Ligand code: ATP
Ligand code: MG
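Residue numbers (the numbering used here): 605 to 938.
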């Protein structure tokens, strides 16, 4: 059986990166009907950095709304929030005792998020990839559609699955495959073309939020960092121009074109023209999604009912799998 698991943290405003790198692809895969889909608002991951409790609850509902507005159909998948299903944390503990400190120490996300003051980072931030492995493997997930930034964590999930199987001499966990596709697998910050666009970035100008209105989108694109040269006509002309490459990639993804097609149209022209066209295409894609998100956000009872139903179904799947893991490990069930 092919089973998809993927998640988003309620750690801020959903961004265009989350949409292009994750949600949009989930909706496409779901419509293919060749996978069983499990999508999760990973609130336990969010608290690896400090969160305000009321804001965390609000953001949890908003991320669910963003997934639905972005095309995920909750009647045809399991949509829930992680903390509702204790099996994730139960399995993560076992993986804390399988994964090695050295493996986690190589994770670039930890290095980036912990920054210079590493001793002050939470232990949760360090073991984040073990919980992510548990999220996927509690369902024996086989496919994981994510943005390129999660590739390293996915490799670690595979290492953990393999290490567990060989530690206990079983063929229990599958090795999940990353699914990284589309023309915007890593959307970069509007302020720095070498940094990933993130919902947790302190600068709101660094990202386009899925709920931004037309004015905000136009202003952020107008102020996006660029260089003084006109756009090149060939792809190779974007080498060493990370900001230009990022904007072209975003435009291509939103307009359903290849970057080559975008450059065929805009090559030789300045950023003024291009940014105007980019704002237009961004608004045309995001405005209806943002509107639907706002509508859903005004109806928290509906979102809660969807998450409750999804959480119950998720537990039904995860509970027997994690019970079996506990038996394999040797935990007594008196
Ligand atoms: P945070 O800053 O809190 O880590 P985030 O924006 O990185 O937030 P996540 O919840 O960590 O979002 O990731 C959710 C999904 O969105 C993942 O599949 C991730 O790969 C994808 N994603 C996040 N940022 C980008 C991006 N800039 N480009 C493409 N995909 C992205
Ligand atoms: Mg992230």
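No residue lacks a Cβ here, since even glycine has one placed at the ideal position from N, Cα and C.
All of these numbers come straight from a predicted model, not from anything done at the bench.
Heavy atom of the ligand ATP within 7 Å of residue i beta-carbon
i, result
"residue 718", "no"
"residue 789", "yes"
"residue 652", "no"
"residue 622", "yes"
"residue 802", "yes"
"residue 886", "no"
"residue 727", "no"
"residue 626", "yes"
"residue 808", "no"
"residue 612", "yes"
"residue 645", "no"
"residue 815", "no"
Residue i to residue j span [Cα, whole Å]
i, j, result
"residue 762", "residue 870", "42 Å"
"residue 807", "residue 748", "29 Å"
"residue 645", "residue 872", "43 Å"
"residue 828", "residue 878", "12 Å"
"residue 654", "residue 620", "23 Å"
"residue 904", "residue 659", "14 Å"
"residue 635", "residue 663", "26 Å"
"residue 892", "residue 936", "53 Å"
"residue 816", "residue 804", "16 Å"
"residue 610", "residue 834", "39 Å"
"residue 679", "residue 693", "26 Å"
"residue 639", "residue 901", "28 Å"
"residue 890", "residue 752", "22 Å"
"residue 838", "residue 792", "20 Å"
"residue 866", "residue 614", "33 Å"
"residue 921", "residue 623", "27 Å"
"residue 734", "residue 767", "12 Å"
"residue 649", "residue 842", "35 Å"
Residue i in three-state terms, based on DSSP
i, result
"residue 935", "coil"
"residue 712", "helix"
"residue 919", "helix"
"residue 606", "coil"
"residue 685", "strand"
"residue 690", "coil"
"residue 676", "coil"
"residue 627", "helix"
"residue 940", "The question about residue 940 has no answer, for the chain in this structure spans 605 to 938."
"residue 651", "coil"
"residue 896", "helix"
"residue 772", "coil"
Residue i: CB within 7 Å of a non-hydrogen atom of the ligand MG
i, result
"residue 753", "yes"
Along the chain, which unbroken stretches of the beta strand (DSSP E) at least 3 residues long are found entirely within the segment 775–831?
781–783
Looking at C-beta atoms only, is the number of pairs between the segment 721–732 and the segment 678–695 that lie closer than 8 Å three or more?
no
Cβ contact check for the segment 625–633 and the segment 783–802: 3 or more pairs under 8 Å
yes
Using a Cβ distance threshold of 8 Å, determine whether the segment 912–925 contacts the segment 845–860, with at least three qualifying pairs required.
no
Pairs of beta-carbons, one from the segment 710–721 and one from the segment 667–676, closer than 8 Å: are there three or more?
no
Can you find at least 3 beta carbon pairs, one from the segment 801–818 and one from the segment 763–773, that sit closer than 8 Å?
no
Under 8 Å, with one C-beta from each stretch per pair, do the segment 882–897 and the segment 699–713 reach the 3-pair mark?
no
Would you mind listing the alpha helix (DSSP H) stretches within the segment 699–746 that are 4+ residues and don't spill past its ends, in chain order?
705–709, 712–718 and 727–741
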